[in-house]
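Quick note, the sequence shown lines up with residues 22 to 77 if you use this note's numbering.
No residue lacks a Cβ here, since even glycine has one placed at the ideal position from N, Cα and C.
Read the structure below first, then the notes.
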Amino acid sequence: IHFSFGRMKNILLETSIAPSELISVSLIVIFIAVISSLQPALKASGMQPVDALRHV
Numbered sequence: 022i023h024f025s026f027g028r029m030k031n032i033l034l035e036t037s038i039a040p041s042e043l044i045s046v047s048l049i050v051i052f053i054a055v056i057s058s059l060q061p062a063l064k065a066s067g068m069q070p071v072d073a074l075r076h077v
């Protein structure tokens, strides 16, 4: 993926992102999101529905 910044001002700054970097960053973000959501999900799974709704 290529980006071109500053073409209007004749200042050319080209940035490229390799597909492998995009995939690795995406996997890291998904992994962190899954790990972060486990603790609240495990806590909620042990509660009665009425008690869980009181905390909302």
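Annotation for Val46: the continuous alpha helix (DSSP H) segment containing it runs 40 to 66.
Distance from the CA of Ser41 to the CA of Leu48, rounded to the nearest whole angstrom, comes to 11 Å. In this structure, the beta-carbon distance from Ala65 to Ala54 does not fall below 7 Å.
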